[in-house]
């Protein structure tokens, strides 16, 4: 796991097991924080996905789970960085806090 | 002044007016009440999928706030799915305690029991056990006190209910030509579901209308779908009170590090290219266009099915008051078989969620603006012909006397 040590500073905020946790982290960020997380983590995305695919669905070891959650946070924030000019919220959107998702409180 | 040459859909469908439509049906309490009694309490409404109830004894309780009821949908030991009002025959408590708009449960014995006094009902609705039954009077008979049944039928894995005690048509008759249009689409192979919902301060028709045209895509979705700068509809078809159309686009989202990586692992987004071999029904993308995005079929009154290559999604708008509704958006993909597929699907769903946040953003503003009373009419263009059709169907249904409604 040594290769991923560079990501550990991001675990506290971004290694969130649920969609609500990840979208809350996104909305609580500044544009610079979003961009910094994106720039630091995206180069490691192929390696993370390769690592998590060493395990069957539902059988990720505890020490690999944070990496998977980091990848899911990358998916959560990617539109904001790639399409919304680093805006932490979805621009011109319905109030995100009023959106309910049946799967959003369930840990991945 | 435009002429009709740029209105091919209305030219092909001269039964429709082209003038403005009235705002009043979007605001009026009387109109709302008539919609509930003459449409929502008469028509088949989609409430569940077969896969949500895989085993005997599985049940789902769906709230129907507009009718001030909730429905237990339960699979019996005979495999048949039946629907009942969630109301105990003792003193009217809810039999299944609900945790939200949709509550799921399972009973190995295929029964539900009321938490208040323990009355037990079978999956066929029969009252099978009453604690201290001998203390009830001689006139009390369990056989007369089963759960109150609700008409329930299944089409293509979609479980519909009808609150009318004697529906004028069965479900398949009611669907008419929607049945051949969607019949071979393999809904049951893509049942990995992501469900979002929100209470939106708008009339339910404002919601349905907003999703029934692609005219808004270049403006509203310039954020999440920046590649879809030109979008158009075709294959406009009217199926009785239902309607369908194909959505086409000239492009897909641009290559980006994360978006493209996700799409290579699992092509689950409508804004990214999906090229896997996939058989669509003959009436969907009939011209085999490379620009095909998805087909939209609107099951009257409130259910919108969207089917494309390797995915499908739905919207439903449930009336609450004349200026409030409950929106439910569901996105269905093949079950992921690897962790990286889970990741890639999540990117597609997040992007779609964000696009839906862009869509729903307009709805409360629209209702608030209409409520101002500043305008009495709305203008529709050719591409908004499905909104016109909905307006006409609702007007006919609301103006039809109850005695003539059995068509």
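Protein chains in written order, with the working numbering: chain G, 0 to 107; chain R, 1065 to 1471.
Built from N, CA and C at the ideal position, the CB exists for glycine as well.
These numbers were taken from a predicted model, which means no experiment stands behind them.
Work out the CA separation of residue j and residue i for me, nearest whole Å.
i	j	result
residue 25 of chain G	residue 8 of chain G	16 Å
residue 1194 of chain R	residue 1155 of chain R	13 Å
residue 1135 of chain R	residue 1368 of chain R	21 Å
residue 1470 of chain R	residue 64 of chain G	Residue placement at residue 1470 of chain R is poorly supported in this model, since its pLDDT is 49, which falls under 50; the coordinates still yield a value, given next. Each residue's Cα considered, the two are about 58 Å apart.
residue 1267 of chain R	residue 35 of chain G	42 Å
residue 1141 of chain R	residue 1176 of chain R	13 Å
residue 1015 of chain R	residue 1139 of chain R	Here chain R has residues from 1065 to 1471 only, and residue 1015 of chain R is not among them.
residue 1157 of chain R	residue 1410 of chain R	40 Å
residue 1302 of chain R	residue 1290 of chain R	31 Å
residue 1455 of chain R	residue 1277 of chain R	14 Å
residue 47 of chain G	residue 76 of chain G	16 Å
residue 1419 of chain R	residue 1083 of chain R	31 Å
residue 1106 of chain R	residue 89 of chain G	39 Å
residue 30 of chain G	residue 1250 of chain R	42 Å
residue 1147 of chain R	residue 33 of chain G	48 Å
residue 1334 of chain R	residue 1205 of chain R	56 Å
residue 1213 of chain R	residue 1162 of chain R	19 Å
residue 1380 of chain R	residue 1447 of chain R	21 Å
residue 1239 of chain R	residue 1150 of chain R	27 Å
residue 1398 of chain R	residue 1199 of chain R	54 Å
residue 1292 of chain R	residue 1336 of chain R	10 Å
residue 1102 of chain R	residue 45 of chain G	56 Å
For a contact meaning CB atoms closer than 9 Å, what does residue i contact in chain R?
i	result
residue 32 of chain G	By Cβ distance, chain R contributes nothing, its closest Cβ being about 17 Å from residue 32 of chain G, past 9 Å.
Compare the C-beta of residue i against all C-beta atoms of chain G and say whether one is closer than 7 Å.
i	result
residue 1403 of chain R	yes
residue 1384 of chain R	no
residue 1091 of chain R	no
residue 1415 of chain R	yes
residue 1327 of chain R	no
residue 1395 of chain R	no
residue 1258 of chain R	yes
residue 1274 of chain R	no
residue 1262 of chain R	yes
Strictly under 7 Å for the Cβ-Cβ distance: is residue i near chain R by that measure?
i	result
residue 75 of chain G	yes
residue 82 of chain G	yes
residue 36 of chain G	no
residue 43 of chain G	no
residue 78 of chain G	yes
residue 99 of chain G	yes
residue 52 of chain G	yes
residue 63 of chain G	no
residue 48 of chain G	yes
Measure the beta-carbon distance from residue i to residue j and round it to whole angstroms, keeping in mind my assumption that it falls under 8 Å.
i	j	result
residue 1220 of chain R	residue 1191 of chain R	Contact doesn't hold; Cβ gap of about 33 Å is too wide.
residue 1130 of chain R	residue 1382 of chain R	6 Å
residue 1235 of chain R	residue 1361 of chain R	With a Cβ gap of about 15 Å, residue 1235 of chain R and residue 1361 of chain R do not count as contacting.
residue 1104 of chain R	residue 1365 of chain R	6 Å
residue 1254 of chain R	residue 1376 of chain R	6 Å
residue 1417 of chain R	residue 1260 of chain R	6 Å
residue 1060 of chain R	residue 1123 of chain R	Beyond the ends of chain R as shown, which are 1065 and 1471, falls residue 1060 of chain R; an answer cannot be given.
Using a Cβ cut-off of 9 Å, pull out every chain G residue sitting near residue i, in sequence order please.
i	result
residue 1062 of chain R	This structure cannot speak to residue 1062 of chain R, because chain R is shown only from 1065 to 1471.
residue 1400 of chain R	56
Along chain R, in chain order, which residues have C-beta atoms closer than 8 Å to that of residue i?
i	result
residue 70 of chain G	1407
residue 19 of chain G	Correct list: empty, because the minimum Cβ distance to chain R is about 12 Å.
What does residue i touch in chain R if you count any residue whose Cβ is under 7 Å from its own?
i	result
residue 67 of chain G	1403
Please list the partners that residue i has in chain G, where partner means a Cβ-to-Cβ separation under 7 Å.
i	result
residue 1288 of chain R	78 and 82
- [ ] Determine contact between the segment 1301-1316 of chain R and the segment 1343-1360 of chain R, defined as no fewer than three beta-carbon pairs at a distance below 8 Å.
- [x] yes
Open item on the list: Contact between the segment 61-74 of chain G and the segment 3-21 of chain G is defined here as three or more beta-carbon pairs at a separation below 8 Å; is this criterion met?
Closed with: yes
Open item on the list: Using 8 Å as the cut-off, can you tell me whether the segment 1223-1238 of chain R makes contact with the segment 1096-1112 of chain R, which would need three or more C-beta pairs spanning the two stretches below that distance?
Closed with: yes
Task: Three CB pairs or more closer than 8 Å across the segment 1282-1301 of chain R and the segment 1255-1271 of chain R - done: no
Open item on the list: Tell me whether the segment 1087-1105 of chain R and the segment 1314-1334 of chain R touch, counting them as touching only if at least three CB pairs, one residue from each stretch, are closer than 8 Å.
Closed with: no
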